[in-house]
Amino acid sequence: IRTLRIGLIPGDGIGKEVIPAGRRILEALPASLGLKFEFTPLEAGFETFERTGAALPDATVEVLRSGCDGALFGAVSSPSHPVKGYSSPIVALRKKLDLYANVRPVKSVIPATATASSSSSPIKPVDMVIVRENTEDLYVKEEKTFDGPQGRVAEAVKRISERASHRIAAMAGEIALRRQNIRAAGTPSIHASPLVTITHKSNVLSQTDGLFRTTARAALAAPRFASVAVEEQIVDSMVYKLFRQPEAYDVIVAPNLYGDILSDGAAALVGSLGLVPSANVGEGFAIGEPCHGSAPDIQGQGIANPIATLRSTALMLEFLEEEAAAARIYAAVDANLAEGKLLSPDLGGTAKTDEVVEDILRRL
Ligand code: NAD
Ligand code: MN
Numbered sequence: 003i004r005t006l007r008i009g010l011i012p013g014d015g016i017g018k019e020v021i022p023a024g025r026r027i028l029e030a031l032p033a034s035l036g037l038k039f040e041f042t043p044l045e046a047g048f049e050t051f052e053r054t055g056a057a058l059p060d061a062t063v064e065v066l067r068s069g070c071d072g073a074l075f076g077a078v079s080s081p082s083h084p085v086k087g088y089s090s091p092i093v094a095l096r097k098k099l100d101l102y103a104n105v106r107p108v109k110s111v112i113p114a115t116a117t118a119s120s121s122s123s124p125i126k127p128v129d130m131v132i133v134r135e136n137t138e139d140l141y142v143k144e145e146k147t148f149d150g151p152q153g154r155v156a157e158a159v160k161r162i163s164e165r166a167s168h169r170i171a172a173m174a175g176e177i178a179l180r181r182q183n184i185r186a187a188g189t190p191s192i193h194a195s196p197l198v199t200i201t202h203k204s205n206v207l208s209q210t211d212g213l214f215r216t217t218a219r220a221a222l223a224a225p226r227f228a229s230v231a232v233e234e235q236i237v238d239s240m241v242y243k244l245f246r247q248p249e250a251y252d253v254i255v256a257p258n259l260y261g262d263i264l265s266d267g268a269a270a271l272v273g274s275l276g277l278v279p280s281a282n283v284g285e286g287f288a289i290g291e292p293c294h295g296s297a298p299d300i301q302g303q304g305i306a307n308p309i310a311t312l313r314s315t316a317l318m319l320e321f322l323e324e325e326a327a328a329a330r331i332y333a334a335v336d337a338n339l340a341e342g343k344l345l346s347p348d349l350g351g352t353a354k355t356d357e358v359v360e361d362i363l364r365r366l
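The sequence shown: position 233 = 235 (full-length UniProt numbering), numbered continuously.
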């Protein structure tokens, strides 16, 4: 029996309504998987800030560092006006725990009748993972403004390192292999074999994106990735193809800025923010996090879609090397969606959060 210690950080708004769903599904996993869970409730978010003066209390970081194997993070209500002393706890957590990858799977409901190559079908089956480098590129935030002969000029540093490019590409390769295992464990998918697509603009940015491209290629040439096909795509034509032919992508690896843009764009392919999970991943640690925010417009009504959180929980398990458990959760969620009878209002249904959760638990 393996015991996993999981920190639970509901945060604000519907974070408090969906994170309990993550806990419930972990507790409901069949005993045959040999897993036990110990949960530690942890604080972060705007309410925490208003009460304690810190959006991310030191205690939360300490417990995650020394007392947890992974965590689930709900959402925070970041005020749209600047508030003195407040900054986003999830951004701080990524830095403090060196969670260098942001991983975002985007998957549509696959009705039992759809086939991967039916290009005449109005439904575009989508099943991809975007692996975004999370520590460098233009987001090093080294900007300056100065007066040039023609007026004001602003400049920003775009930094790409071999180390960061290598580790993010290797992670993309591992994810491609792991997805193959999860398919083998019975989760339906439109892909038959693993593929990683390297995204860049090295035709223009030959040094920075050029280094990303060659380093990613080299990382994915390692023998352990022999079964993973590797291709590359220039980022602008990638956006075109993402809309026209999203079914073509399995795992996408991208530098920070392109990954940020592609991952939000890709999330639009599947109909509701309430379906899209993510994970923030570092060396031996992963935080599952639904992509949506705190949804103040529906909070307190018990109608938030729990699926983004359930899928984020499965994703966290993948990074804790519990693929079989992850596969059970993915398959149960897919079965609920494919049947389409118990859906939350964002998907056109009338089911409450708890009813959706219970339907999925029954299918585990
Ligand atoms: P949002 O994601 O909270 O909501 C956007 C829309 O999607 C709303 O209509 C909401 O009702 C709906 N929605 C989102 N998740 C849903 C779910 N699980 N089920 C059903 N419907 C769902 O984005 P927003 O309204 O722009 O932001 C609200 C707050 O959340 C802001 O304070 C923002 O700063 C914060 N936010 C936090 C995160 C995060 O914590 N990672 C991300 C985005 C926004
Ligand atoms: Mn973004």
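For glycine and all other residues, C-beta sits at the position ideal for the given N, C-alpha and C.
Nearest Cα to GLU40 within the set GLU52, LEU74 and GLU357: LEU74. Per DSSP, GLU144 lies in no beta strand (DSSP E) segment and is marked neither H nor E. Judged by their CB atoms, LEU58 and PRO81 are not nearer to each other than the 7 Å cut-off.
DSSP links LYS86 through a beta bridge to no other residue. Taking 6 Å as the cut-off, one finds no heavy atom of ligand 1 near enough to the beta carbon of SER280. The way I'd put it, the region 328 to 338 does touch the region 351 to 363; three or more beta-carbon pairs between them come closer than 8 Å.
Taking the Cα of LEU99 as reference, the smallest distance to any Cα among LEU319, LEU317, GLU285 and PRO347 is reached at GLU285. Counting only runs of 3 or more residues that sit fully inside the region 154 to 220, the beta strand (DSSP E) segments are 197 to 202, in chain order. Between the region 227 to 240 and the region 174 to 188, the count of Cβ pairs shorter than 8 Å is three or higher; the stretches touch.
Per DSSP, ALA250 lies in no beta strand (DSSP E) and is assigned neither H nor E. Cβ-Cβ separation between VAL237 and THR201: approximately 5 Å, consistent with a contact (criterion under 8 Å). ASN282 has ASN104 and ILE289 as its beta-bridge partners, per DSSP. Contact check between the region 188 to 198 and the region 241 to 254: three or more CB pairs, one atom from each, fall below 8 Å, which counts as touching.
In the three-state reduction of the DSSP assignment, LEU319 falls in the helix class. Between ILE132 and ARG106, the CB-CB gap stays under 7 Å. Rounded to whole angstroms, PRO292 and GLN235 show a C-alpha spacing of 27 Å.
The residues SER191 and HIS193, in chain order, have a CB closer than 8 Å to that of ARG185 in the same chain once the five nearest residues on each side in sequence are set aside. A distance of 7 Å or more separates the beta carbons of ILE305 and ILE27. The count of Cβ pairs closer than 8 Å, one atom from the region 160 to 177 and one from the region 217 to 227, reaches three, so the stretches are in contact.
Leaving aside the five residues that flank LYS38 on each side, the residues in its chain whose CB is nearer than 8 Å to its CB run, in chain order, ILE3, ARG4, THR5 and LEU6.
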